[in-house]
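Residue numbers (our numbering): 1 to 944. All remarks here apply to the structure that follows.
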């Protein structure tokens, strides 16, 4: 039994050891439900409590330094100071001087409803913050991107514009919500709406508050007189006063007004029928005539106000700001003089211009020319007016993208030929002609349309759009249409402004870095807060694209084919592009505009320091068109004057070639490929172009090598033919003595019209050239030396020659000798025969009796007072031989002695008389008879 017990006991213990702890040996209890859930809930509640405590603590920490709601700040405004670019000169103080305060009861219900429907439809239901609207705004921003919709109520807007800086931080937003709640506790809804409507900004020219806006835009004496469509228009303005200005942007204004009318109908303030009726009213139908003239710097300051409001949400007219700008007062004053007809002569009062001057390195706007005869709040032709840019768009949409993406060179061959768009529509150049193969440089310089379209097509619309967007031009978004091929020559609907074009072109001058053009660098708030508003530079293109495009645009100015030669300025390196646009066929017909009449004329140009975009034209087609030379050249004329003035006294700089670019000599394009010139390439067909490093051509052109070989073959043929022809040319020369003179005649058989002859004579005095020229001829040698032999040789330009000689009779023993000519080899001269003439009168110059032009004489000095070259007959022309002084005669004798072995021959007299008028000189007596009987002449012989 004990053993059994032990074993049962052991067995029982073993069973107990295997049971889970905490459980009885009886029936097992059910497991309790919800234990884990309770733990999670408890943890969440604990975290929530901690978060709430932390949130409340953070909230109170954020609002601890929030400004107090100050009645004086809410109802009064504080002026802002605007500084020039030196940071010291206050150019203007803007404030509340153009504000008319109006009480809540004086504001008609239609105006209140228009603003509430647009800005805060739950205005009368919330307590300063509309959490429903905040939720809706969050959803809209999530779907459409940050900033798609705002959640601020009218109360929050009053607080923000009155007490807070525009920094978009969580702390500022929390303080804004807190102060809005405080404002709602202190003031009624009617008072808050009254504050809002009297503080908001409506337009340039310091138009602030609903009463002032009603007077400015519609000329009404009181806000009570506004109609539904007018109230809706004014309610739509505060969102973007410049963009929706009905005076300057009627199309945008109409869309905005209609949006407000739709909101009013949607929220039950008006019926849909009333909204539709108001939409039918022309947005400009009731506008008052804008007559208030602008004051100094107003055009620039309008842009400053626009930027401050857009970038900070602050109110420059009431927030007491210190605004630091990029304004160059010297440049702006000069631009104002240009606009006021003090620098250039505008053709008439309606002719308009707009220009913007930008610093290339920073993008800071130095000056703005908003137009001529402007009124406050009127159209700004530099910043608001959009026109088609014409060919000034080609560097941005055509050639720039091609260099950037395809690495084209400045010499890229393009064929200018009859062409059409991809849809089959023909495209033509301005001159209605074609240049054949040209380089991209020349195509841009000549402003050819067809090569520009080909460049656009080669790169593609997407790349062109990407390139333009990088330069601040969002063309398709503004036009509401996709890029089309007509964009390549500036054919898009809405257009661009000089402000945009100046910013885009400045990137070419700034090595491809784009700085958005701006007028404000920083803003300082009354509490000491500063906001830096200077845009950050970004790379818009590679440095090689910027440099090569710049060099191509330099050709527009510098080359003989360039369209902007008129802007050349000594000492300044200028690049740029011209552009024009035409009227539509409907406009031409309606306003009787000739085909040559132009709508817009642009010039966008830059130096290493500054970029200036200039537009010229008329505000509307009915005002006029550009036709005269003065009008078409006005944009370039304005640019030249302004760039010259602002560059005075400043380093001129130069465009630096980056390491990514190389310069190479190439043959001018004759086909689709560029090649290096060969040794046979004519220099006139060699040009230098720039290439992206690693893309320069290596092949040498064989075009002119082949031509040279062909030309050599032709030359050989011609040489053979010429030699054959020359063999047929037989020159002939004869010489004979008669009547005291020698007659020489030459000719040639089979001579061509271009055969020339050179005749030389050899005499006791030496050799000389008698004549040279085309055609046969003759010569007479008067008073030859007795007893001397004269030899003559004629040579043609083909190398053939012939000779002849004659001996002049001397003493009585020579009288019987034959005086006919002899071959040159036998016709030697005997020095002893010259001795017989040694006693001849030294004044006798007959042995030199050739025209002075064919026989130069060193003795033709001023002592004899003669006119050299006067004897055209070939004779010495001695009118009075005794006029020669002894010095002259001795010089001549010594010279003759050296040439003739001591024989003394008198110098020629250079009196200039013809030989026919001379009396033959007297010869001293000799043993022979002075007068020798005439000897019958024989036919002379010639040597070939």
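Every residue, glycine too, gets a C-beta built ideally from N, C-alpha and C.
With residue 598 as the anchor, note down where its beta strand (DSSP E) starts and where it stops.
598 to 606
Cα-Cα separation, residue 199 to residue 401
47 Å
Can you name the start and end residues of the beta strand (DSSP E) that residue 559 belongs to?
Neither: residue 559 is in no beta strand (DSSP E) and is coded neither H nor E.
Less than 8 Å between the beta carbons of residue 631 and residue 217, yes or no?
no
DSSP three-state label for residue 756, please.
Residue 756: strand per DSSP, three-state reduction.
Segment limits, alpha helix (DSSP H) that includes residue 108
Looking at the DSSP string, residue 108 is not in any alpha helix (DSSP H), and its letter there is neither H nor E.
Could you tell me the distance, in whole angstroms, from the CA atom of residue 538 to the CA atom of residue 120?
38 Å
Given residue 301 as reference, the closest of 125, 127, 323 once Cα atoms are compared
323
Span of the beta strand (DSSP E) holding residue 92?
90 to 94
Can you grab the Cα-Cα spacing for the pair residue 534 / residue 507, in whole Å?
16 Å
Among residues of its own chain, excluding the 5 on either side of residue 420, which ones have a beta-carbon nearer than 8 Å to its beta-carbon?
Sequence-distant Cβ neighbours of residue 420 in its own chain, meaning closer than 8 Å and more than five residues away, are 426, 427.
How is residue 83 classed by DSSP in three states: helix, strand or coil?
Here residue 83 sits in strand by DSSP.
Could you check what DSSP says for residue 445 in three-state terms: helix, strand or coil?
DSSP places residue 445 within a helical segment (H, G or I) once states are collapsed to three.
Would you report the Cα separation of residue 591 and residue 621, rounded to the nearest angstrom?
7 Å
By how many angstroms is the C-alpha of residue 469 removed from the C-alpha of residue 307?
It is roughly 20 Å from the alpha-carbon of residue 307 to the alpha-carbon of residue 469.
Does the segment 351 to 360 come into contact with the segment 608 to 615, if we say contact requires no fewer than three beta-carbon pairs (one atom in each stretch) closer than 8 Å?
yes
For residue 757, which of 266, 297, 314, 774 has the nearest alpha-carbon?
Here the closest residue by C-alpha is 774.
So, at 6 Å on beta carbons, what are the nonlocal neighbours of residue 749 in its own chain, with the 5 sequence-adjacent residues on each side left out?
730
Quick one: using the 10 Å Cβ neighbour count with 16 as the cut-off for buried, is residue 432 buried or exposed?
exposed
Got a sec: does the ligand MN put a non-hydrogen atom nearer than 7 Å to the Cβ of residue 693?
No copy of the ligand MN occurs in the structure displayed, which carries no ligand at all.
Between residue 262 and the rest of its own chain, which residues show a CB-CB distance below 7 Å, the 5 nearest in sequence each way excluded?
275
Between 732, 547, 347, 385, which lies nearest to residue 407 when the distance is taken from Cα to Cα?
547
Residue 228 to residue 83, Cα distance in whole Å?
41 Å
Within the segment 485 to 512, ranges of the beta strand (DSSP E) (whole runs, at least 3 residues)
Listed in chain order, nothing qualifies, since the segment 485 to 512 has no complete beta strand (DSSP E) run of 3 or more residues.
Under three-state DSSP, which class holds residue 791?
strand
Taking 8 Å as the threshold (C-beta atoms), are residue 577 and residue 395 in contact?
yes
Reference residue 803; option with closest CA among 796, 584, 791, 444
791
Please state whether DSSP places residue 46 in a helix, a strand or coil.
helix
Here's the rule: buried if 16 or more other CB atoms are within 10 angstroms of the residue's CB, otherwise exposed. What is residue 596?
exposed
Let me know the secondary structure DSSP gives residue 395 once reduced to three states.
Three-state DSSP puts residue 395 in a helix.
Between the segment 669 to 684 and the segment 643 to 656, can you find at least three pairs of beta-carbon atoms closer than 8 Å?
no
Nearest-angstrom Cβ-Cβ length linking residue 498 and residue 314, presumed shorter than 8 Å:
With a Cβ gap of about 27 Å, residue 498 and residue 314 do not count as contacting.
Shortest alpha-carbon distance to residue 627 belongs to which of 589, 604, 583, 574?
583
Taking DSSP as the reference, what is the three-state secondary structure of residue 287?
If DSSP states are grouped into helix, strand and coil, residue 287 belongs with coil.
Assumed close pair residue 365, residue 326 - CB separation to whole angstroms, cut-off 8 Å:
5 Å
Suppose the cutoff is 6 Å on Cβ atoms and the five residues either side in sequence are ignored; what does the same chain contact list for residue 689 look like?
409, 410, 411, 666
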